[in-house]
Structure formats: structure tokens, C-alpha cells
Ligand code: FAE
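Numbering (this note's numbering), first residue to last: 678 to 1191.
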């Protein structure tokens, strides 16, 4: 696919914003994977849909001509309503690298709970705007660990293939991978895995590989090779802005209201009365709208959906939700670390921001580690990894009437299980290579990035808070369609599974509830 075809299509127009007192058949809260699948399939079935998104549309370039900011030079576009960046790698050579920025409705939210910071995308396209694009289908033999109440035959026969096709998941061209300077870091990661006898896998991504090759050739504007990832990719990545959202718009049946945040859903005649706050780019509320929707689909992400449901149950707005609402939340066992390589093992000053190689020690050690980039633009002699690990720890969201906020019971020390699992890979590699862990990336003398997750999952678990297709118990016409359904782990990176599960559930819901 050439550069022209990759232009970002406008995602939402202010004129299309939902009107106060509107009466609509279907309202979707959030525009990430679950929300986009739901809106597309409903619209294709002839249902008019309104999507409500608290983040921005991300369709207009800033003063530098770019929609998104670069990873190495964060600005106001980078973070959701913060006055200082909160970068996942907080330090380099031990020095803090966070900096002041104007408060703005930026694309990456570092949402802080007592024991964990949860990174999430904000804007039309949800997490697809900020994520690494790794499109991983879990091995079939692990599926029972992920969604025990779902028939693997329908997922692997129909819904995983459908999700991967719609998302445009594809593998790197092997000859290019072996030759490009941009994946030297991944080849070094693979070599070290091989020498310690760990299986490695090439991971499909949703980046346009032809485009990345053209970036290296210098014929198109750089994105992955310019280090764009955490704060959005200006080219090349097939985020939802380039896959489901154009199809959604082509139906002519969907409106998308950006900078609109749902704050309440209560039963009403004709369905549910939904209260929506319209925001300005400093986060201020400029209008409040009330809309009646026959059916409401919660697609606000694991954290967003869980927070809404827990609050609405506790405050009596949706009293019949069951006690499973808010329960079963997990971090997909995320933990990060870096290794210090020898000077004869450089990882390269040019690093593609899109990871494409994983070390699979799930069966033996409960860890799947992606060989991640450190796209600083200079040689760091570091190998960097995000591990997904097997962990039994699950937290619960609860309403705190004193603060009017939702708390999460996650404990930082619960990450020790994940660290132990990750060490089954990296202790062995360090011992074989005669290398050590980096201690300067997450603080001063701190090895493990154990304070965060990129992969929040759960809070309204399939078959517990909902039936086996996402219908919330207690309130007919309310559905959960996003990562909140998944009980805390997807064993690998989650968005393909979230997309496939949403495809499965909405097919059934359209067949039986409309
Ligand atoms: P999500 O995509 O989070 O969408 C929810 C949307 O709802 C967001 O746009 C919110 O702004 C919006 N919202 C929330 N509350 C409200 C409200 N009250 N009113 C209106 N709108 C609201 O949900 N996964 C992978 O598989 N591969 C990767 O390589 C990968 N890398 C990642 C890297 C980073 C830095 C991050 C943060 C995540 C990464 N993920 C990756 C995770 C992936 O993006 C995430 O699992 C999905 O985006 C979750 O999809 P959902 O549909 O559940």
C-alpha cells in the first residue's frame, strides 16, 4: 500500500456530534476495538449508531504539520490532562526524563491507581492510536487460560481470522528483517534467546510493512523509523483510523462525537437515559447532554467500562448489576526490563518502533517477552523487553464515596510473581551472555518496570458480570463489548483477542436482540 492510501481519514466532525435530547437506537461508549467492531456490525445490520468518545478526533495536524508528537519529544498532544509527562521509561542513565507540558486532552493516559499506573489510548480509535501494533493470536492450547467459557472452535475457525483480516495483521518480510539496520535490536534479542535455547516467534503487526521498507529507502515520511509509537504514529500503522473506522463511516449510519464523555446511564422509558459531558481541550465541561438510547454498549476499555459500571451500581443508577461488576481485573502480567549488552553487541541507533519478535517461554516459565525497541536515536547497548506473564493476582474496582472516585485494589508487590516469571528468561540469558540487567531505566538502581501495565483486562468478566455474550445481568439492553470482559490475561498481547471476542459476541447479539 502506498503513502497516499495511508492518509488519516477524518474521524469525526464537530457537526456530527450527538444532540441534546436525542433518542437513538444504539449508543456505543468508546471507540477502541470493542466499540468499533460493535458499531460496524450494528450499522451493517441496519441499526443507526452513535459513538461517544471522551478523547479527541485526531484528524487535524498541529502547528508542526503533524497530528501526533514524536516519542522523543513529547508535547501537549502526548498526555491526557497532565502538566508533566509520565513516560513509561522514567529515567535514562538514572536521570529522570519527564518534563512539563501544557494540560491538554492528549492521546496517552497514564491513569494512576494506588498500586499501578494504567496506560491507555484516548481518542477516536482508542488504544489503537498509541499501541505497538503487535497483533498476536494466542496459541490454541492456551485459549482455555484466557476465556474458559468460549468455544475455541468458533474463535479459531471464524472470529480470530475475521479479526486479523479486518485489522490487517501481517508478518515482516523475512529478507528485509534480516538485512535492515532498523531491526538489529530484534536480531540481537533473537540471538540471545537462541543461545539460551528459548523458542522465539515472529509476531504479526498491523504496521504497513511496505511502508516501513519505503521509510528506510527514504521515499516516504518516516514514522516507525522516526521512533513514533507511544504518542501516535503519523504514517504506516494501521490503527482503527485506517481499518474499522473508514468502514464505519462508509455505512452512513454512524455518528462519532469526540470530546464527549459518558458519566451516567440510568433506566428510562424507551431504554436508558445517558448523560454525556462535552469537553474542551483542557478537560473543562462545556455542555451536558442527555440522550435516550434503547441499547447501550460499554466499550470504554477495561478501566473505563469498569469504572462506569462500579459507580453506577454503587450510586443506585443501575442497582440490579450483580456483585461481579468491578471484579477480576488483571494486568496481563506486564513487567518491563532492560539488559546491558557488551560493547561488541550493539542494538543500533536506528530502531523501528514496532516490535516484531517474541521469546516464548510460556509453557515452561509462564512468560512471553516481546523484544521491544528503545528508539532513542543513539546507541544504548541495551536490549529492552516487555514481558507478559502468568500471574494469579486479580484486583477489584470499588466505589469510594469519600473521594467520589473508583479505587483499584492492585498491590505493587503482586508484580513479584511476574518478575519471577520474566527472570526464567532473562536470568538465563544474562548468565549465558555474561551480561547484567540495566538499572537506570525505571529509577535510580531499579531493574524492573513493575509499576505499570499497557494491557488492562477485566472488571466485567464474560459469564460472570454478563452472560456468555456480554449482556449485563440485571439490566436488559446493556452490553459490555471490550477488554473488560476478559478475565485478566490474554497470554499474549490483547487487541486481537478483544477484537475477535467482540466480533463473536455482536454476531450473536444482532441475531437475537434486534
Ligand atoms: P480501548 O482501546 O482502550 O478503547 C476505549 C475507548 O473508550 C478509549 O478511546 C477511551 O478514551 C474511551 N472512553 C473511556 N471512558 C469513556 C467515557 N466515560 N466516555 C466516553 N469514552 C470513554 O478499549 N495491545 C496489543 O495487542 N498489541 C500491542 O502491541 C499493544 N501495545 C500497547 C502499547 C501501549 C502503550 C498501550 C497503552 C496499549 C497497548 N496494547 C497493545 C493494548 C491495547 O491497545 C488495548 O488492549 C486495547 O486498546 C483495548 O481495547 P478496548 O476496546 O478494550
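Glycine included, every Cβ here is placed at the ideal spot set by N, Cα and C. Model, not experiment: these values are computed from the prediction.
Under 8 Å from any heavy atom of the ligand COA, does the C-beta of residue i make it?
i	result
residue 796	Ligands displayed in this structure: the ligand FAE; the ligand COA is not among them.
Would you mind giving the Cβ-Cβ distance between residue i and residue j, rounded to the nearest angstrom? I have them listed as a contact below 8 Å.
i	j	result
residue 1169	residue 813	4 Å
residue 966	residue 697	4 Å
residue 884	residue 913	5 Å
residue 853	residue 890	6 Å
residue 801	residue 708	5 Å
residue 1139	residue 826	6 Å
residue 803	residue 956	Going by Cβ atoms, the distance from residue 803 to residue 956 rounds to 16 Å, so no, they are not a contact pair.
residue 660	residue 1009	Coverage of the chain is limited to positions 678 through 1191, which leaves residue 660 absent and any answer about it impossible.
residue 1029	residue 1045	So it is not a contact: roughly 20 Å between Cβ atoms.
In chain order, what residues of the same chain lie with their CB nearer than 6 Å to the CB of residue i, ignoring the 5 residues before and after it?
i	result
residue 745	908, 909 and 911
residue 1015	1059, 1061, 1115 and 1118
residue 727	695, 701, 704 and 932
residue 1184	none
Expressed to the nearest angstrom, what Euclidean distance is found between the alpha-carbon atoms of residue i and residue j?
i	j	result
residue 1246	residue 752	In the structure as shown, the chain begins at 678 and stops at 1191. Residue 1246 is therefore absent and cannot be evaluated.
residue 969	residue 985	17 Å
residue 974	residue 866	41 Å
residue 1067	residue 1011	9 Å
residue 1173	residue 807	15 Å
residue 1106	residue 1100	9 Å
residue 1190	residue 1102	47 Å
residue 880	residue 778	35 Å
residue 790	residue 1072	11 Å
residue 731	residue 831	33 Å
residue 1149	residue 1179	14 Å
residue 811	residue 1031	8 Å
residue 1176	residue 1017	36 Å
residue 1187	residue 1088	40 Å
residue 989	residue 1092	30 Å
residue 1110	residue 1166	31 Å
residue 1094	residue 859	33 Å
residue 809	residue 901	10 Å
residue 1112	residue 1104	9 Å
residue 817	residue 963	48 Å
residue 682	residue 919	Bear in mind that the predicted position of residue 682 carries a pLDDT of just 38, short of 50, making it too unreliable to give a figure here.
residue 848	residue 855	13 Å
residue 958	residue 1182	34 Å
residue 987	residue 936	22 Å
Sorted by chain position, which residues of the same chain lie with C-beta nearer than 8 Å to residue i's C-beta, five sequence neighbours on each side aside?
i	result
residue 983	1002, 1003, 1006, 1074, 1083, 1135, 1136, 1137 and 1161
residue 1041	1101
Near residue i, which residues of its chain fall below 7 Å by C-beta distance, leaving aside the five closest residues on each side in sequence?
i	result
residue 947	700, 969 and 971
residue 857	893
residue 921	713, 714, 717 and 843
residue 864	none
residue 771	1117 and 1121
Worksheet item: Is it true that the region 750-767 meets the region 712-720, where meeting means three or more beta-carbon pairs spaced less than 8 Å apart?
Response: With the cut-off at 8 Å, the region 750-767 and the region 712-720 do not touch.
Item to complete: Please determine if the region 1150-1157 and the region 814-826 are in contact, where contact requires at least 3 C-beta pairs separated by less than 8 Å.
Response: Contact between the region 1150-1157 and the region 814-826 is absent, because fewer than three Cβ pairs lie under 8 Å.
Worksheet item: Is it true that the region 1079-1094 meets the region 917-930, where meeting means three or more beta-carbon pairs spaced less than 8 Å apart?
Response: The region 1079-1094, when compared against the region 917-930, does not touch it at the 8 Å Cβ threshold.
Discussion item. Contact between the region 1017-1030 and the region 1058-1075 is defined here as three or more beta-carbon pairs at a separation below 8 Å; is this criterion met?
Written reply: Enough Cβ pairs lie closer than 8 Å, so yes.
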